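> If you count the sequence shown from 1, you need to add 160 to reach this note's numbering.
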Amino acid sequence: MKSYVAPLYLLVFLPAVVFLYNIVPKKLRPVVLLLASYLFFWSISGKLILFLLISTFSIHHFGLWLSSLQEERNRILAETERPKRKAVKAEYIRRQRWVIFLAVCIHIGTLLVLKYTAFFGQNLNSLLALAGVDWTWKIPKMVMPIGISFYTMQAMSYILDVYRETLKPDKNIGRLALYMAFFPSMMEGPICRYNDDAVSLWESRRSSVQNLVFGAERILYGVMKKMVIADRLNIMIKTLYSGYADYDGGMMVVAAIAYTCQLYMEFSGTMDVVIGSAELFGIVLPENFKRPFFSKSISEFWTRWHITLGTWFRDYIFYPISMSKPMKRLTSKARKKIGNHFGPLIAGSIALFVVWLFNGLWHGAGWHYICFGMYHFVLIASANAVEPYTKKLLEKLHIRREEGGYKCFRIVKNRIACMYW
């Protein structure tokens, strides 16, 4: 059951869980989902479920810890004279940041060790060999539990939202556990937010006929995209790439375009199965793809492709960096020296660089993933920089962006630019 389109999942596991979910009393329905999720995890990763359990218990503890600090701060502020309140706030911000630091060390640290140890070790050994050092580090073999990249990001969003006081920590650890482990979104996403999805997971509504019909239709649609289109394209792509010396450049372009389409059908088809599976229980998960090939710019493409990943990076990396006090000071100085357009781009580009570095590494441990991130960073940053000149050029040529021909040109241009994966 290592795939959402596996017969065991579609024909045995999922129908059995839907059946049990709808025949048990309402109070037991979340328990059915949680036990099914842990069974699903165990069937693939076995004892590595321990990592998921530790992550769940730790964010529950950290959330309550942050909340207690916030309540203590508010109580002291109410009893403190106005001149001394600033010092009290600063002290409690410092304490809360230590809690966040510990949470990051546990969750991100675990992900880094399991996912990137081999990559780090290989590069370290290469550097040592280059320096003439007669020693190599014996790289330990790491085994990753399924979905660790996804549930780690969900855990961090929960903790950071509690820290920002946009979310009240949940004292019900069962609800938090289901949010972390819900089996349809465990392996491939989407990356959920506690404010948006935890309540619907725990509402325990009986599946309606509409839920069952829509869910089944969405699953069937996803299976068709994955098995009929993506898998067939994959055969053609492997044939072309394995014998590339026998084909001309035109066929290689066809292979590159087919590979992009195959990736989309693979990922979006899986998302259809995931969202359809949740729909069977009356649960609505966020959409992850929104016709990305019709995007009119590269930045728009990445707001339509893997949407929940992009919004996570935006909310927890891009905005905190670009809106930080050092970046605001940098923007203010840059405006005076290089103008109102390029000034803000400096801070924005720094934040964008970090986002795309992490985006590349999130997709995999390898230099080609880093290059993938840097490639798209350069494209988006360059597009932002030349936007005023593009606007002036279009005005001089009397080309309107609303024209159908220009829209088609932009779509084709962005498809060519985004063919690097």
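For each residue, glycine too, the CB sits at the ideal point set by N, CA and C.
Bear in mind the structure is a predicted one, so any value in this text is a computation, not a measurement.
#1: Could you tell me which whole alpha helix (DSSP H) segments of length 4 or greater appear in the segment 222-305?
#2: Who are the near neighbours of Lys-186 in its chain, counting only those whose CB is closer than 8 Å to its CB and skipping five residues on each side?
#3: Is there contact here, the segment 282-294 with the segment 177-185, by at least three beta-carbon pairs under 8 Å?
#4: Can you look up Phe-449 in the DSSP assignment and give me helix, strand or coil?
#5: Between the Cα of Val-373 and the Cα atoms of Ile-253, Ser-437 and Ala-250, which residue gives the shortest distance?
#6: Hey, Gly-470 and Tyr-318: beta-carbon distance below 8 Å or not?
#7: Taking the beta carbon of Asn-582 as the centre, do at least 16 other beta carbons fall within 10 Å, making it buried, or is it exposed?
#8: My understanding is that Leu-320 touches Tyr-354, with C-beta atoms under 8 Å, so please give their C-beta distance in whole angstroms.
#9: Starting from Pro-350 and walking both ways along the alpha helix (DSSP H), at which residues does that stretch end?
#10: Take every Cβ of the segment 457-468, pair it with every Cβ of the segment 539-558, and state whether three or more of those distances are shorter than 8 Å.
#11: Taking just the CA atoms, how far does Val-165 sit from Leu-290?
#12: Flag this pair as yes or no: are the beta carbons of Val-434 and Ser-360 separated by less than 8 Å?
#13: Check whether the segment 294-310 and the segment 206-223 are in contact - that is, three or more C-beta pairs closer than 8 Å.
#14: Quick check: the Cα distance between Asp-391 and Val-383, rounded to an integer number of angstroms?
#15: Which same chain residues end up closer than 8 Å to Arg-495 when comparing Cβ atoms and leaving out the 5 residues on each side of it in sequence?
#16: Check each candidate in Ser-228, Asp-432 and Met-396 and name the one with the smallest Cα separation from Ile-417.
#17: Cα separation between Ile-214 and Leu-262?
#18: Could you name the residues of the same chain whose beta carbon sits closer than 8 Å to that of Leu-194, not counting the 5 residues immediately before and after it, in chain order?
#19: What number of angstroms, rounded off, separates the C-alpha of Met-346 from the C-alpha of Lys-162?
#20: Just to confirm my understanding: we take Asn-519, look at its own chain, exclude 5 residues before and 5 after, and list those with CB closer than 7 Å. What are they?
#21: How about Tyr-311 and Leu-199: are their beta carbons less than 8 Å apart?
#22: Quick check on the DSSP output: what are the complete alpha helix (DSSP H) runs of length 4 or more inside the segment 496-535, in order along the chain?
#23: Could you pull the DSSP bridge partners for Trp-362 from this structure?
#24: Closest by CA to Ile-379, which one among Met-431, Arg-257, Ile-559 and Ala-176?
#25: Mark Pro-486 as exposed unless 16 or more other C-beta atoms lie within 10 angstroms of its C-beta, in which case mark it buried.
#26: CB-CB under 8 Å to Ile-530, same chain, minus the five flanking residues each way: which ones, in chain order?
#27: Going by the beta-carbon positions, is the gap between Leu-393 and Cys-421 smaller than 8 Å?
#28: Which value, in whole angstroms, describes the spacing of the CA atoms of Gly-524 and Thr-277?
#29: Could you tell me which of Ile-204, Leu-188, Ile-389 and Gly-292 sits nearest to Tyr-169, measuring between CA atoms?
#30: Between the Cα of Met-641 and those of Leu-274, Met-483 and Ile-389, spot the shortest distance and give me the residue it belongs to.
#31: Can you give the beta carbon distance from Asn-371 to Glu-439, rounded, assuming they're within the 8 Å contact cut?
#32: Going by the beta-carbon positions, is the gap between Phe-478 and Ala-507 smaller than 8 Å?
#33: Starting from Ile-204, trace the alpha helix (DSSP H) in both directions and tell me its first and last residue.
#34: Do Val-226 and Tyr-323 have their C-beta atoms within less than 8 Å of each other?
#35: Name the one or two DSSP bridge partners that Trp-465 has.
#36: Between Phe-449 and Trp-465, which are expected to be in contact by the criterion C-beta below 8 Å, what is the C-beta distance as a whole number of angstroms?
Taking the structure as given:
#1: 242-290
#2: Ser-364 and Arg-366
#3: no
#4: strand
#5: Ser-437
#6: no
#7: This structure cannot speak to residue 582, because the chain is shown only from 161 to 581.
#8: In fact, because the Cβ distance is near 10 Å, the residues do not count as touching under 8 Å.
#9: Taken as a continuous stretch (DSSP letters only), Pro-350 belongs to no alpha helix (DSSP H), as it is neither H nor E.
#10: Result yes; three or more Cβ-Cβ pairs closer than 8 Å.
#11: 46 Å
#12: Result no, Cβ atoms of Val-434 and Ser-360 do not sit closer than 8 Å.
#13: Of all C-beta pairs linking the segment 294-310 to the segment 206-223, three or more are shorter than 8 Å, placing the two stretches in contact.
#14: 10 Å
#15: Gly-503 and Pro-504
#16: Comparing Cα-Cα distances from Ile-417 to each of Ser-228, Asp-432 and Met-396, the minimum goes to Met-396.
#17: 14 Å
#18: Gly-334, Ala-337, Leu-338 and Ala-341
#19: 11 Å
#20: Phe-473 and Gly-533
#21: no
#22: none
#23: Paired residues: none, contrary to the question.
#24: Met-431
#25: exposed
#26: Leu-517, Gly-520 and Leu-521
#27: yes
#28: Answer to the nearest angstrom: the Cα atoms are 12 Å apart.
#29: Ile-204
#30: Since the first and last residues shown for the chain are 161 and 581, residue 641 lies out of range.
#31: Contact between Asn-371 and Glu-439 is confirmed by a C-beta separation of about 6 Å, below the 8 Å threshold.
#32: no
#33: 189-205
#34: Here residue 226 is Leu; the residue named in the question, Val, does not match the sequence. Leu-226 is a Cβ neighbour of Tyr-323, given a cutoff of 8 Å.
#35: Answer is Phe-449, bridged to Trp-465.
#36: 6 Å
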